[in-house]
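Residue numbers (this note's numbering): 990 to 1168. Don't be surprised by glycine CBs; every beta carbon is placed ideally from N, CA and C. For clarity, every value in this text was computed on a predicted model and none was experimentally measured. Taking it in order: structure first as structure tokens, then the write-up.
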């Protein structure tokens, strides 16, 4: 009775989230570190392996060599595992013997004007359930807003007279203008 029936990955994710919350880290950091910790736990396989720095080094090496991910993603995985070992598992100075790879600059994929117009028209088609996203998609594209900014957008932020949108960052105690 009272046994934890969650998978190892879920238990590790929960432990990392709790440690992040105790340290007052941002919600997005908490989610990110939790996701990396869960991936690592699934990779390690058992609770004993999760606690081994050598196992974490193998995981990070597989992220660097087997996945085509950016340097910042590799660094994020490294920081998440460093947090796991230091603040959850109690290892003072975990040393991961892994060399991160710099990736070359990638050319962004850009839609043509016709493709963009077609995409926005599809999102705005009245007969489909996705039609409710047409306005949000158009605002996001036209104003260059992030999804989180679209979701938090308020009526008072839109000035139809000037044709402008004021996007304030409401996440801090004093709202700041982005940009």
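Query - Member of 1059, 1067 and 1019 whose CA lies at the smallest distance from the CA of residue 1047 - result: Taking the chain shown and counting its residues from 1, the one referred to as residue 1047 is at position 58. For residue 1047, the nearest C-alpha among the options comes from 1067.
Report task. Note down, in chain order, each residue of its chain lying with its Cβ closer than 8 Å to the Cβ of residue 1128, except the 5 sequence neighbours on either side. Result -> For this step, residue 1128 is matched to residue 139 along the chain shown. Excluding positions up to five away in sequence, the list reads 1134, 1139, 1142 and 1154.
Query - Where the alpha helix (DSSP H) through residue 1075 begins and ends - result: As a working mapping, residue 1075 is identified with position 86 in the chain shown. No alpha helix (DSSP H) contains residue 1075, which DSSP labels as neither H nor E.
Requested in this report: Let me know the secondary structure DSSP gives residue 1147 once reduced to three states.
Outcome: Here residue 1147 corresponds to residue number 158 of the chain shown, with the count starting at 1. DSSP places residue 1147 in strand when its eight states are reduced to three.
Query raised in the report: What is the DSSP secondary structure of residue 1153, counted as helix, strand or coil?
Result: As a first step, residue 1153 must be located in the chain shown, where it is residue number 164. Residue 1153 falls in the strand class under three-state DSSP.
**Report entry** Cβ shell of residue 1050 (< 6 Å), same chain only, five flanking positions each side left out
**Finding:** Indexing the chain shown from 1 puts residue 1050 at position 61. Taken in chain order, the residues that qualify are 1087.
Query raised in the report: If you check the beta carbons only, do residue 1027 and residue 1008 fall under 8 Å apart?
Result: As a working mapping, residue 1027 is identified with position 38 in the chain shown. As a working mapping, residue 1008 is identified with position 19 in the chain shown. No, these two residues do not count as a Cβ contact at 8 Å.
Requested in this report: Report the three-state DSSP secondary structure of residue 1114 (helix, strand or coil).
Outcome: As a first step, residue 1114 is located in the chain shown; it is residue number 125 there, counting from the start. Of the three classes helix, strand and coil, the one that applies to residue 1114 here is coil, per DSSP.
Query raised in the report: In whole angstroms, what is the alpha-carbon distance linking residue 1043 and residue 1013?
Result: The count along the chain shown starts at 1 and reaches residue 1043 at position 54. The count along the chain shown starts at 1 and reaches residue 1013 at position 24. Cα to Cα, residue 1043 sits roughly 29 Å from residue 1013.
Requested in this report: Would you grab the beta carbon distance between residue 1029 and residue 1078 for me? Rounded to a whole angstrom, and I think it's under 8 Å.
Outcome: Along the chain shown, one-based indexing puts residue 1029 at 40. Along the chain shown, one-based indexing puts residue 1078 at 89. Not really, about 11 Å apart at Cβ, beyond 8 Å.
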